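Notes follow the structure.
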Amino acid sequence: MQPLAPNLPPLPANAALFLDFDGCLVEIAPRPDLVAVPAGLPQRLARLHDRLGGAVALVSGRDIADLRSWLPDFPGAVAGSHGAELSLDGQVIQKTHAVDLDVAALHRAAADAVADSPAILVERKPHGVALHYRADPSLRVVVEEVMQQLADAHPEMVLQPAKMAVELRPSGTGKDGALDRLMALPPFAGREPVYAGDDLTDEVAMARAQALGGWGIKIGEGETVARYRLPNPAALARWLDGALAEAN
C-alpha cells in the first residue's frame with residue numbers, strides 16, 4: 205500500500221474535480237441515513253465550484269434526490285446511482301432504467317430473502333437494491349449468496365461489491381461512464397480530471413481519470429489503482445482547503 209500521499213500535488217487550476225460522497229466527503233455511518241455532513245462542507249464545495257469554473261461533480265451510488273437531501277445547495281453536477289442518473293445545472297440530463305425491471309418486486313425479494321437476519325440492512329434504491337452487513341460482518345456470505353441469486357434472476361443487472369455491502373445495479377452504468385459523460389460537456393471538457401473516492405465502486409472512475417491524463421486519490425485503506433492516497437475525509441477536506449487558500 206502506498207504512503208499517505210506525502211507528494212500529493214496541489215489541485216490544478218484547470219482541474220475537473222469529481223468527488224464521491226460516503227467515505228470521501230463524509231465519514232461512513234452505520235446506516236446510509238445516519239451520515240453527518242461536516243460543518244463547512246457546503247461552503248467548501250461552493251468555493252471549489254467558483255474556483256474551478258463550475259467543474260465540480262458529486263459521483264455516488266446514492267440517487268440524486270438522496271444526495272440533494274444532504275447537500276441541497278450544491279451548485280455543481282451530480283451523478284447518482286453509479287451514473288444511471290446525471291444532472292447538470294440542476295437539470296436532469298440522463299436517467300437510465302434497467303429494462304423491464306420491477307424495482308418494487310426486487311426490493312421485496314431482497315427483504316424476504318434476509319428476513320431471518322435483521323442485522324442485514326436492505327437499502328432500497330430507485331434503480332436497484334443493496335444489502336449491507338456492516339452491523340455483523342459474519343453475514344457477508346449470506347449477503348453474497350442472496351445477491352447472487354437475485355443477480356441470476358435479473359440478467360439485466362450486475363453485482364457491485366462495496367464496503368460491507370453488495371449492490372445490484374443496472375448493467376451499462378458505472379462511475380467511469382459518468383466521468384466520461386461529464387468530461388464531454390462544459391464546464392468539464394478540456395480539463396484535467398481529478399477523482400477522489402474510497403470504495404471499490406470508485407476504482408474504475410479513478411482508473412479512467414488517470415487514463416485521461418489526470419489522477420485519482422484513494423481515501424482510506426485498501427488496494428487501489430489511484431496514484432495518491434489520503435487517510436480519511438478530514439484529510440481530503442484539509443487538502444481542498446489548501447487548494448482554496450492557494451487560489452486567494
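In our numbering, the protein residues as written are 205 to 452.
Ideal Cβ positions, reconstructed from N, Cα and C, are used throughout, including at glycine.
Remember, it's a predicted structure, so these values are computed and weren't measured experimentally.
Reference residue i; option with closest CA among the options
i    : options                   : result
R235 : R266, V345 and L372       : R266
V370 : N218, Y399, L249 and E349 : E349
I423 : H286, L372 and P435       : P435
K367 : A339, E231 and L404       : L404
R312 : R328, P391 and S321       : R328
V239 : G284, S273 and R395       : S273
I232 : A283, D306 and G401       : G401
L335 : A314, Q353, D320 and S342 : A314
E425 : G418, W419 and P437       : P437
D226 : P242, L325 and D320       : P242
L229 : V408, R442, A413 and L448 : R442
A237 : D445, V345, L325 and E450 : The sequence shown places Asp at residue 237, rather than the Ala named in the question. Nearest C-alpha to D237: L325.
Collapsed DSSP secondary structure at residue i in the structure displayed
i    : result
A388 : coil
D445 : helix
M410 : helix
G284 : strand
A219 : strand
A369 : strand
P374 : strand
P437 : helix
L416 : coil
A233 : coil
A240 : coil
L404 : helix
D224 : coil
Boundaries of the alpha helix (DSSP H) in which residue i is found, first to last residue
i    : result
L455 : This structure cannot speak to residue 455, because the chain is shown only from 205 to 452.
S273 : I268 to W274
8 Å CB neighbourhood of residue i in its chain, flanking five on each side removed
i    : result
P246 : L275, D277 and F278
A355 : M361, V362, L363 and L372
Nonlocal neighbours in the same chain, by C-beta distance under 6 Å from residue i, ignoring five residues either side
i    : result
A288 : T300, H331, P374 and T377
P207 : Because P207 sits at a pLDDT of 40, beneath the cut-off of 50, its placement in the model cannot be relied upon, and the following sentence gives the value as read from the coordinates. Once the five neighbours on either side are set aside, P207 has no close Cβ partner at all.
D391 : Note on identity: in this sequence residue 391 is Pro, with Asp being the wrong assignment. Excluding positions up to five away in sequence, the list reads G257, G258 and A259.
L215 : A447
S291 : I268 and V282
D146 : With the chain represented from 205 up to 452, any question about residue 146 goes unanswered, as that position is not in the structure.
L252 : V260
Cutoff 7 Å; reference residue i; Cβ partners in own chain excluding five residues on either side
i    : result
M387 : A220, A393, P397 and L416
Boundaries (first-last residue) of the beta strand (DSSP E) holding residue i
i    : result
E396 : E396 to G401
E289 : E289 to L292
I423 : W419 to I423
R431 : Unbroken run through R431: none, as it is neither H nor E.
L262 : V260 to V263
(request) Jot down the residue ranges of each uninterrupted beta strand (DSSP E) in the region 295-353, minimum 3 residues, whole runs only, in chain order. (result) Counting only runs of 3 or more, we get 295-299, 325-329 and 332-336.
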